[in-house]
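So the sequences go chain by chain: R and S.
Residue numbers for the first sequence, in the working numbering: 773 to 1161.
Residue numbers for the second sequence, in the working numbering: 505 to 790.
Below is one structure, written out as structure tokens, with a few remarks after it.
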Amino acid sequence: MRKQWKGTLAVMTALALAGTGCGGPGGATGKGEGGPPMANIATVLTMSGFAAVFGQQQKSGIDLAVEKLRTDKVADLKVVAAEDTGAANATALNAYRKAVAQEPAVVFGPILGTMVLAMRGEIDRNSIPLITTAATTSLTQNNNKNIFRNFANSSMTIKATAQFAFDKQGLKKPAILADNTSFGSDAALLRAEITKRGLKAVADESADTTATDVTGQVSRIIRSGADSVFLQLLTGSPLALAVKTLRSNGFTGQIYAAPGMTSPSTLDLLSESEAKDIYSAGLALDTTGGAGADFAAAFKQKYGKDPDIYAAVMYDSVMLLGKAVSEGKSTAADLRAALQDANYTGVSGVFHSDAEGNLVHTVSILKFGDGKKASVDQDIDVQTEATNG
Amino acid sequence: MVDLLAAGIALGSIYVLAGLGFVLVHNATGAVNFAHGDLVVLGGMTAAALVSTLGVSPILVAVCVPILMFPLGLALETFAFRPLRTKNFSAAFTISIAISVIVSNVLLLTLGPEARTLAPLKEGRLQIGSFGVPWQSVLIVLLTVVMVAFQWWLFQRTVLGFKLRAAAQDPETARLMGIPVNRMTSVTVGVAVTYAGIAGVLLAPVVLLSSGSGSSLILKLYVAVVIGGFGSAIGAVIGGLSLGLLEVFTASYVSSSYVNAIIFALLFAVLLARPQGILGRTEVRV
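As structure tokens, then:
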């Protein structure tokens, strides 16, 4: 009996080893027998902690795209590791190390810029491309070769916002409320834009990512006589809290909210009247028709909730990779080259890489109207600084 | 100035309301319950989820959620605090951190990472001349007063209260006097967790609660209770209100960047000058 049990165990072990590939570096890449071309990917996303709302949406977007590519027999992207960064940089770094041990050809990284900065040395050492939504501008600077950003960076959104708010709308007395993340520290770029125009921030406030009250900050902003407030707050919770407090304390100036404003989870926290007339710079996910609507419907059907723009850009990034894999590219070097030469139109817009690895270059200035619906007020191409709309 | 005062009192009342239960657990079990912030969040998020997903009436939820949290308190005392109560301070302290992590992770897994909110029990603002304050904040302050009064009445003016106090202050003597100490301690923790539920339901419309909100809330509660005096309900009131006012006025007149630094500097100063807090009793080591 004991011998039989041992034999079964040996067979199962052999089958398990065969199942994991055991094929050395690269794992299951290339062309599957009779199936579509294959490549390995890994996700290292913020699935818990204060930014989990973004990480979970992004993971859903990735999984949906992987499934679509497989169903359409375009490519078989195997998720060889799905790690959670938690809320600490050290955890994120360990999660990244664990993921790359599975030899993925591409890693999808977290939205928090400080985490990607913590991983930067390892990313360069491993030479495995990492795709992230983190807006922290410096991530893709300083001879970056492996980090690709599938979202407008803070420098772009702030530049576009400043053009719109100061040059077009003629605002003169801006106030700033920023959080204590690296995303919040990008408010320095806004201060530079304000100074460049000979203006001065009449109030410059900060808030915790876990803030439960911003009455003091809002009171200071209102007392300063600000005609506008710029909310450089990453996550939906403090962003919604700031909007609620500004509204309930009777702030009458214009409100410019960070891209997280467009997330359904942020909008759920606000009433129609609170969200109305707020401006937000970022990417627009048009769900009124075409590919955007199909994506939103498929997402809702699978996960029971609406996708946010962060899910959409991750979906697009996987589809972009799927296209490259279908053309026979499967290694980290192949896919890095494909990302560098990217020219792809997805549900969230056009992706084409610049020398630094930024895939997105058009920033939409969105304005919220009735029913918490955002419409594009103006599209600004930040790279060429040519505007249309 | 008046609006800041109102905002500070409203914020302070949040700390008071949540802090009362925190003090109760400490008095009954001797444990510093680091899970209390997460229990407040559990109450608030459960209420918000019941209203938004199942369409349950907000008033019904406001009544039922705190009541349902009473047996949770009994269970926590029986299965977590009691086995470790007689061991040592660090065991009880550690188990409360474990409960905190478990509650926040269960919330993350069951209700998701999104922050949740409830519609205010009463919309709009109380307007007095040019000064206005949201009705929900008025409600929080009023209910905090009611809860403080109820706690005082329960513990100072009822037979049950005498038994609860006796069981907490001197369990051995209370046991000799025929008081069922374990049952009394469980009831006290049950009341404390019910308070957490009430705090959660009232806070959900003004504080956006997510699965990770408990840890930052407990830090502020701890500061408020230490400033007021550990173990004193009135101390929790003074500490909570002082903290709320300090936060709002510092952010408004000094700088929002230094709020936390100033709060913890104050905590440091209070601990140096009066380690037992404003109303706490000095314990003499023999």
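Cβ atoms here follow ideal geometry from the backbone N, Cα and C, with glycine treated the same way.
None of these values were measured; they are calculated from a predicted model.
Cβ separation of I1137(R) and A1053(R), assumed to be a contact under 8 Å, to the nearest whole Å: 5 Å
Run the CB neighbour count on A566(S), radius 10 Å, all protein chains shown included, and call it buried at 16 or more, exposed below. buried
Thinking C-alpha only, which one of D1066(R), L1131(R), A1012(R) and N1130(R) is nearest K840(R)? D1066(R)
Output needed in chain order: residues of the segment 811-830 of chain R with a Cβ under 7 Å from some Cβ in chain S. S820, G821, F822, A824, V825 and Q828
Extent of the continuous alpha helix (DSSP H) run through P587(S): R586 to R589
Which of helix, strand or coil does DSSP assign to A983(R)? coil
DSSP state of P1079(R) mapped onto helix, strand, coil: coil
Pick helix, strand or coil for E855(R), following the three-state DSSP scheme. strand
Okay, do the segment 512-522 of chain S and the segment 938-955 of chain R touch, 3+ Cβ pairs below 8 Å being the bar? no
Between which two residues does the alpha helix (DSSP H) holding T557(S) run? H540 to L558
Anything in the segment 1023-1047 of chain R with a Cβ closer than 8 Å to a Cβ of chain S? List those residues in chain order, please. S1037, D1040 and L1041
Which of the three DSSP states, helix, strand or coil, is assigned to R679(S)? helix
Nearest-angstrom Cα distance between D1151(R) and N922(R)? 17 Å
Tell me the start and end of each unbroken beta strand (DSSP E) in the segment 971-1046 of chain R that is at least 3 residues and wholly inside, in chain order. 975-979, 1000-1004 and 1026-1029
Given A1068(R), which residues of its chain have a CB within under 7 Å of its CB, disregarding the five upstream and five downstream residues? T1059, D1078 and P1079
Tell me the DSSP secondary structure of T905(R) in three-state form. coil
Chain-ordered chain S contacts of L865(R) [CB-CB under 9 Å]: Going along chain S, no residue has its Cβ under 9 Å from L865(R), so there is no contact; the nearest lies around 20 Å.
When DSSP builds the beta bridges, which residues end up paired with N1115(R)? H1124(R)
Would you tell me roughly how many angstroms separate the C-alpha atoms of L1041(R) and F826(R), rounded to the nearest one? 15 Å
Would you say A979(R) lies against chain S (beta-carbon separation less than 9 Å)? yes
Give the DSSP-derived three-state secondary structure of N952(R) in the structure shown. coil
CA-CA distance, G761(R) and K667(S)? Residue 761(R) lies beyond the stretch modelled for chain R, which goes from 773 to 1161, so this question has no answer here.
Would the segment 1112-1122 of chain R and the segment 865-879 of chain R be scored as touching if the rule is three or more Cβ pairs under 8 Å? no
Grab the span of the beta strand (DSSP E) containing G636(S) for me, first residue to last. F635 to P638
Since S991(R) meets chain S, which of its residues come closer than 8 Å, beta carbon to beta carbon? D507, L508, A511, V752, A755 and S756
Here's the rule: buried if 16 or more other CB atoms are within 10 angstroms of the residue's CB, otherwise exposed. What is N925(R)? buried
Using DSSP with H/G/I as helix, E/B as strand and the rest coil, what is I1152(R)? strand
Terminal residues of the continuous beta strand (DSSP E) containing Q874(R)? From DSSP, Q874(R) is part of no beta strand (DSSP E); its letter is neither H nor E.
Extent of the continuous beta strand (DSSP E) to which F920(R) belongs: I919 to R921
To which residues does DSSP link T815(R) through a beta bridge? A854(R) and F880(R)
Any idea what DSSP makes of F1140(R), helix, strand or coil? strand
What residue range is occupied by the uninterrupted beta strand (DSSP E) comprising Q631(S)? R629 to I632
At a threshold of 8 Å, does S978(R) count as lining the ligand NAD (C-beta to nearest heavy atom)? The ligand content of the structure shown is nil, which means the ligand NAD is not present either.
Taking contact to mean 3 or more Cβ pairs, one atom from each stretch, closer than 8 Å, check whether the segment 537-545 of chain S and the segment 600-612 of chain S are in contact. yes
Those residues which DSSP pairs with S1147(R) across a bridge: K1139(R)
Do you know offhand how far L770(S)'s Cα is from G525(S)'s? 23 Å
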